[in-house]
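Number of protein chains: 2
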Amino acid sequence: MMKNLSLSFLKYNLEKQGYEVKTASDGFQAVEIAKKFHPDLVLLDIMMPKMDGVETCRLIRAMPEMVNTFIVFLTARAEEYSEVAAFDVGADDYILKPIKPRALMSRISALFRRDSKKENTSAQIKIGDLLIDRTSYTIHVKDKEISLPKKEFELLYFLAQSPNKVFSRDDLLQNIWGADVYVLARTVDVHIRKVREKIGDDYISTVKGVGYKFNLN
Amino acid sequence: MMKNLSLSFLKYNLEKQGYEVKTASDGFQAVEIAKKFHPDLVLLDIMMPKMDGVETCRLIRAMPEMVNTFIVFLTARAEEYSEVAAFDVGADDYILKPIKPRALMSRISALFRRDSKKENTSAQIKIGDLLIDRTSYTIHVKDKEISLPKKEFELLYFLAQSPNKVFSRDDLLQNIWGADVYVLARTVDVHIRKVREKIGDDYISTVKGVGYKFNLN
DNA sequence: TAACTCCTTAACAATTCCTTAATGGCTACG
DNA sequence: CGTAGCCATTAAGGAATTGTTAAGGAGTTA
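For the protein sequence lines, the chains are A and B, in the order given.
Throughout the first sequence, residue numbering follows this note's numbering, covering 68 to 284 in sequence.
Throughout the second sequence, residue numbering follows this note's numbering, covering 68 to 284 in sequence.
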C-alpha cells in the first residue's frame with residue numbers, strides 16, 4: 068500500500084521473510100483489501116493518490132476487526148510534518164524512507180514482538196468466528212455486521228464472557244436485568260430465541276433443567 | 068520571540084489558529100513579556116540579540132509561574148549543536164527551521180495535547196463520502212456544500228472522529244457542551260434530527276437505549 | 001430596536017423493544 | 001402410550017425510547 072517505486076521492493080523483502088503480502092496503489096484500494104483480508108500489519112505511504120495515508124489509516128482503524136492490526140507509516144524525510152497527524156489517527160509506528168531492507172524488517176518484527184497490544188480492553192470479545200463489539204453494539208460474523216438491541220446484546224455478551232459455562236435464567240436476570248427487576252424467567256427464553264435467530268443457532272445451546280451457555284469448541 | 072525574519076510569519080500562522088500572540092525582538096523583551104502575560108507557550112530562537120535563547124529559556128523557566136509553560140526552540144539546521152543545551156535548560160521541544168506552517172502547527176498542538184486532554188482537532192475529516200471541514204464549519208457531500216451551526220457541526224464532527232462507536236447522550240453532552248453545562252439529554256435528539264435533515268439519514272444511526280453513532284461500513 | 005439565527009425545552013406522535021401469555025414440540029419415565 | 005416437565009416459538013399489548021414539530025428565549029447583527 069504505497070508508492071509504486073517502493074512497492075515491489077517492499078513486497079519482495081517481506082515475502083522473503085515469509086509474510087503474505089497484498090498491495091494497493093491508492094487509499095481506497097488499501098481500505099478494500101484491509102476489509103477483505105484482515106491483515107496483521109498495514110504499511111501506508113503518507114502520500115497516496117486519491118486519499119492520503121492519514122485518512123486511510125483513520126478508516127482502517129475504525130474497522131472493528133482491525134483494532135489489533137499494526138499500522139505503520141512510511142514517508143520520505145521531506146514530509147516529516149505529518150508525524151503527529153499519523154499518531155493522531157492511531158498509527159503504531161512511523162518509518163522514514165529511505166530505509167534499508169534489514170532495518171525495515173527489524174522494525175517490523177519489533178512490532179510483533181512487543182505484544183503489548185494484546186492486553187485488550189473488554190470492549191471487544193473475539194470468540195470463535197464471532198466478534199462482539201461493545202463500543203458499537205454490533206456482532207461481526209464473517210464480514211456480516213449484525214446490530215442487536217440492548218438486552219439481546221447484553222445477553223450474548225454476558226454468555227460469551229464465560230464460554231461453555233452454563234447460566235440459569237435467574238443468573239442471567241440478576242446480571243443483566245439487575246437485582247431489583249422482577250420479570251418472569253421465561254423472558255430470557257424469548258431473548259435467547261431472538262439472538263439465535265440473528266446470529267445462528269450454533270452459538271448458544273440449551274442445557275435442559277439448568278440454563279443456557281455459549282458454545283466454544 | 069525570535070528573529071525578525073520569521074516573526075511575522077509565525078505570528079500570522081499562530082493567530083490564524085486562534086492563539087493570542089505577543090512578540091519580542093530580543094531575549095530581554097521576551098523575559099519581560101513572559102513575566103507580564105504568563106503565556107502557555109514560548110517560542111524561542113536560539114540566536115537572538117543581546118541574550119541568546121538558551122539563557123532566555125533558563126530565566127523564564129526559573130519563574131515560578133512558568134513551570135507549566137511550554138518552551139520550544141526554533142533553530143536553523145546549522146545550529147543544531149545547541150540541542151543538548153536547550154533541553155538542559157528545560158525546553159519542551161526543539162524544532163528545526165525551515166518548517167512548513169502545517170508542520171509547525173501540528174507540533175504545537177501536539178504539545179498541548181500531551182498535557183491536557185484536548186482532543187485531536189484535525190482540520191478535516193474525510194469519511195465515507197463526507198468531508199467535514201472544521202475551518203469553515205461545512206460539510207461536503209457529493210459536490211454539495213452544507214453549512215452547519217456550531218452545535219450541529221460539533222456533534223457530527225465528534226461522532227465522525229470515532230466511527231461506529233456508540234456515544235450516550237451524556238457522553239455527547241460532556242464532550243460537546245462541557246462538564247459544567249446542564250441541558251436536558253433530549254436536546255441531543257433535536258440536534259441529531261437537524262443534522263440528519265441536512266446531510267441525510269444514513270450517516271448517524273440510533274442504538275436504542277444506548278445512544279448514537281456515526282456509521283461507517 | 002428589529003430581524004435574524006441558533007439553542008433549548010416541551011408536547012405529542014411514531015417506533016422499537018420488552019414482557020407476557022398461549023400454544024405446541026420434545027424428551028424422560030412410568 | 002400417556003403424562004409430566006421443560007423448552008421453543010409466536011403473537012399481541014404495553015412500556016419505554018426516540019422522532020418530530022413548534023414555540024419561546026438568548027444572543028447577534030444590521
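In this text, a Cβ means the ideal position worked out from N, Cα and C, and glycines have one as well.
Quick one: residues in its chain with C-beta nearer than 7 Å to the C-beta of residue i, no 5 flanking neighbours on either side, listed in chain order?
i: M118 (chain B); result: D93, G94 and F95
i: K102 (chain A); result: M130
i: S235 (chain B); result: V277 and G278
i: L74 (chain A); result: T90
i: L283 (chain B); result: I194, G195, P230 and N231
i: N71 (chain B); result: Note on N71 (chain B): pLDDT 43, under 50, position unreliable in the model; the coordinate value appears next. So the qualifying residues of the chain are S92.
i: D107 (chain A); result: T136 and F137
i: D210 (chain A); result: none
Quick check: residue i and residue j, are their CB atoms within less than 8 Å of each other?
i: V262 (chain B); j: L222 (chain B); result: yes
i: V233 (chain A); j: V274 (chain A); result: yes
i: L239 (chain B); j: V250 (chain B); result: no
i: R260 (chain B); j: Y224 (chain B); result: no
i: D269 (chain A); j: A252 (chain A); result: no
Closer than 8 Å by beta-carbon distance: list the chain A residues that pair up with residue i, in chain order.
i: L141 (chain B); result: Here the premise fails: no neighbours, minimum Cβ distance about 15 Å.
i: V208 (chain B); result: None at all; the shortest Cβ gap to chain A is about 16 Å.
Name, please, each residue of chain B whose Cβ falls closer than 9 Å to the Cβ of residue i.
i: L126 (chain A); result: K193, I194, G195, P230 and L283
i: M118 (chain A); result: K193
i: E122 (chain A); result: Q191, I192, K193 and I194
i: P216 (chain A); result: V274, K275 and G276
For residue i, collect the residues of the same chain with a Cβ closer than 8 Å to its Cβ; drop the 5 residues on either side in sequence, then sort them by chain order.
i: H258 (chain A); result: K218, E219 and L222
i: G267 (chain B); result: V208
i: I243 (chain A); result: K218, E221, L222 and F225
i: L215 (chain B); result: Y204, T205, I206, L223, V262 and K265
i: I162 (chain A); result: V139, F140, L141, T142, L171 and R174
i: V248 (chain B); result: L240
For residue i, which residues in the same chain have their Cβ closer than 6 Å to its Cβ, ignoring the five residues on either side in sequence?
i: E82 (chain B); result: V88
i: M115 (chain B); result: D93 and G94
i: A153 (chain A); result: F140 and Y161
i: Y86 (chain B); result: none
What does DSSP give as the partner residues of residue i in its beta bridges?
i: E212 (chain A); result: A:H207
i: G278 (chain B); result: B:V274
i: Q228 (chain B); result: Beta-bridge pairing links Q228 (chain B) to no other residue.
i: F137 (chain A); result: A:L108
i: I162 (chain B); result: B:L141
i: I259 (chain B); result: The partner list for I259 (chain B) (beta bridge, DSSP) is empty, contrary to what the question assumes.
i: F95 (chain B); result: DSSP, once it has assigned bridges, lists no residue as partnering F95 (chain B).
i: K193 (chain A); result: A:L198
i: F220 (chain B); result: Paired residues: none, contrary to the question.
i: F234 (chain A); result: A:Y279
Under 8 Å by Cβ, that's how I've got residue i and residue j pegged, so tell me the actual separation to the nearest angstrom.
i: T136 (chain A); j: V109 (chain A); result: 6 Å
i: I271 (chain A); j: Q228 (chain A); result: Incorrect: roughly 13 Å between the Cβ atoms, too far for contact.
i: E132 (chain A); j: H105 (chain A); result: 5 Å
i: L126 (chain A); j: V98 (chain A); result: 5 Å
i: I199 (chain A); j: K265 (chain A); result: Not a contact, Cβ separation roughly 12 Å.
Given that residue i touches chain B, what residues does it touch there, using C-beta distances under 7 Å?
i: Y204 (chain A); result: V233, V274 and V277
i: P131 (chain A); result: N231
Can you list the residues of chain B that residue i reaches, using a CB-CB cut of under 8 Å?
i: E219 (chain A); result: Residues of chain B passing the Cβ test: none, with the nearest at roughly 11 Å.
Any heavy atom of the ligand PLP inside 7 Å of the beta-carbon of residue i?
i: K102 (chain B); result: Although the ligand PLP was asked about, the structure shown includes no ligands whatsoever.
Run through chain A and tell me which residues come within less than 7 Å of residue i, C-beta to C-beta.
i: K280 (chain B); result: S203
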